[in-house]
Amino acid sequence: MYRALLEKDRAYEGVFFVGVKTTGIFCRPTCPARKPKPENVEFFSSREEAMYRGYRPCLRCRPLEENVPSS
């Protein structure tokens, strides 16, 4: 999954979400933001799971929206 994150692979859009432990933010795997170190990443199978674990949505990739923003 980390490789899909690094490559911003659109095939994984909606399959998983990425939480960044150092910021408390979760993103889509296609987020244009700078990629975190592997040790700072946590993967979630849903938006709800990420929010339940205390992460807030990224303002760049807007993971709560259904449509993928073009970046």
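Going by my numbering, the first residue of the sequence shown is number 3, and it counts up by one from there. Yeah, the Cβ is synthetic: ideal placement off N, Cα and C, and Gly gets one too. All of these numbers come straight from a predicted model, not from anything done at the bench.
So, helix, strand or coil for residue i, using DSSP?
i, result
"S73", "At S73, the pLDDT of 49 sits below 50, so the modelled position is not reliable; the number obtained from the coordinates is stated separately. If DSSP states are grouped into helix, strand and coil, S73 belongs with coil."
"P40", "helix"
"R58", "strand"
Comparing C-alpha positions only, which one of the options sits nearest to residue i?
i, options, result
"V43", "E50, E51, G26 and T32", "G26"
"A35", "G21, S48, S47 and A13", "G21"
How far does the alpha helix (DSSP H) with residue i in it extend, from its first residue to its last?
i, result
"E44", "Looking at the DSSP string, E44 is not in any alpha helix (DSSP H); the run it does join, the beta strand (DSSP E), is V43 to F46."
"R5", "Y4 to E9"
Rounded C-beta distance between residue i and residue j? I'm assuming under 8 Å.
i, j, result
"R5", "T32", "Not quite, the Cβ-Cβ distance comes to about 13 Å (not below 8 Å), so this is no contact."
"K37", "L8", "6 Å"
Got a sec, what are the start and stop residues for the beta strand (DSSP E) residue i sits in?
i, result
"F19", "F19 to V22"
"C29", "I27 to C29"
State buried or exposed for residue i, treating a residue as buried only when at least 16 other CB atoms are found within 10 Å of its CB.
i, result
"R30", "buried"
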